[in-house]
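Here is the structure we will look at.
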Amino acid sequence: MSYLDPNGLSRLYGKIMAHLNAKVDKVTGKGLSTNDFTAALLKKLNGIAEGANKYVHPTDSGNKHIPAGGASGQILKWKADGDAAWGVPESGYTHPNSGVSTGTYKSVTVNAQGHVTGGSNPNTLAGYGITDAAAKNHNHDTVYIKKGAVTWNDLKGS
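Here you go:
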């Protein structure tokens with residue numbers, strides 16, 4: 001075990017007293033007993049109006065938030081100018097039938113909205129709108145070169 005000699009004890013006592021003398025004493029009703037709050041900060045604080053930091057969101061048209069509540073399948077419906085309420089849609093959208101029979105079509109007609117308005121299964125080239133193909137009865141009999149001796153008349157088609 002170690003002991004302090006009189007000089008060490010005196011030195012320890014001096015350090016303890018220095019710390020005790022530097023502390024801030026508590027005074028009832030005050031946080032600190034010293035006024036280390038600057039006059040400039042106190043003036044600024046005293047200049048703030050009562051309730052100045054209280055924000056109130058405007059409630060006029062266009063400034064409202066989505067109301068609380070709502071559930072799956074509900075939508076926000078107009079209630080009044082700038083006001084909405086959760087509600088169930090009046091009716092769901094049902095896409096209308098086009099009037100064309102169900103089936104697979106090779107050629108369809110559509111309107112400006114992309115709805116099929118007619119359909120067909122053509123069995124001819126003309127049915128597909130092809131106009132520059134050879135006819136079904138087309139043959140090459142008159143343009144083939146004969147087998148065997150070829151004459152000038154054969155080549156010019158006379």
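In the UniProt record's numbering, the protein residues as written are 1 to 158.
We put the beta carbon where it would ideally sit given N, CA and C, even for glycine.
None of the values given here were measured: they were computed from a predicted structure.
1) Can you tell me where the beta strand (DSSP E) holding Gly118 begins and where it ends?
2) For Leu76, report the span of its beta strand (DSSP E) as first-last.
3) Would you mind working out which of Asn63, Gly73, Asn121 sits nearest Asp83, comparing C-alpha positions?
4) If we ignore side chains and look at the alpha-carbon of each, how far apart do Ser2 and Tyr13 end up?
5) I need the straight-line Cα distance from Ala112 to Asp60, nearest angstrom please.
6) I'd like the list of long-range same chain contacts for Ser120, defined as Cβ closer than 6 Å, with 5 residues on each side in sequence excluded.
7) Taking the alpha-carbon positions, what's the Leu4 to Arg11 distance?
8) Below 8 Å on the Cβ atoms is my guess for Ile75 versus Pro89; work out the distance and round it to an integer in Å.
9) What residues in its chain sit with their C-beta under 8 Å from that of Lys79, if we drop five residues either side in the sequence?
10) For Ala85, which residues does DSSP report across the bridge?
11) Contact check, Val116 vs Ser101 under 8 Å by CB: the rounded distance?
12) May I ask you to report which of helix, strand or coil DSSP gives Ser107?
13) Leaving out the 5 sequence neighbours to the left and right, which residues in its chain are closer than 6 Å to Ala126 when beta-carbon positions are compared?
14) Measure how close the beta-carbons of residue 206 and Gly87 come, nearest whole angstrom, since I'm counting them as under 8 Å.
If we stick to the structure as given:
1) Counting along the chain, the unbroken beta strand (DSSP E) around Gly118 starts and ends at 116-120.
2) It spans 75-80 - the beta strand (DSSP E) in which Leu76 sits, taken as one unbroken run.
3) Nearest in C-alpha terms to Asp83, of all of Asn63, Gly73, Asn121, is Asn63.
4) When rounded, the separation of the alpha-carbon atoms in Ser2 and Tyr13 is 17 Å.
5) C-alpha separation (whole angstroms): 42 Å.
6) Around Ser120, the same chain offers Ser107 as residues with beta carbons nearer than 6 Å, after the five sequence neighbours per side are excluded.
7) If you draw a straight line from the Cα of Leu4 to the Cα of Arg11, it comes to about 10 Å.
8) With 8 Å as the limit, Ile75 and Pro89 qualify as a contact, their Cβ atoms being about 6 Å apart.
9) Counting only Cβ-Cβ distances below 8 Å, and skipping sequence neighbours, we find Ala85.
10) Bridge partners of Ala85: Lys77.
11) Their Cβ separation, rounded to whole angstroms, is 11 Å, which puts Val116 and Ser101 out of contact at 8 Å.
12) Here Ser107 sits in strand by DSSP.
13) Taken in chain order, the list of residues that qualify is empty.
14) Absent from the model: residue 206. The displayed extent of the chain is 1 to 158, so no value can be given.
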